[in-house]
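What follows is one structure encoded as structure tokens, with my remarks underneath.
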Amino acid sequence: MVHALSEIHRTRKPNETVLDLRPLEDSWSVESVSWAGWQVSGRLSDLPQGVADDAAANQAMREAEAHGRG
């Protein structure tokens, strides 16, 4: 993750912003959209591995920011 953040920093334009987009909920709805409208089709939840990956991603972001790469 730290390597990926370094590569993103290396290739971005000056003053460009990097957004870290990850789901913040542990259970979120899946929606189906059509010409008639939208409806909830089901729900997704994080697997234990996803929670661990999220913690590792947060740590990598802190490390990158500490070294001026975030």
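Residue numbers (this note's numbering): 19 to 88.
Each residue gets a CB set at the ideal place from its N, CA and C atoms; glycine is no exception.
Predicted model, so just to flag it, every value in this text is computed and none were measured.
Membership of Gly55 in the beta strand (DSSP E) is indicated by the continuous run 55 to 63. Glu49 carries a strand assignment under DSSP once its states are collapsed to helix, strand and coil. Rounded to the nearest angstrom, the gap between the Cα atoms of Val48 and Ser63 is 11 Å.
Between Trp46 and Arg61, the CB-CB gap stays under 8 Å.
Annotation: Ala75 to Leu23 spans about 10 Å, alpha carbon to alpha carbon.
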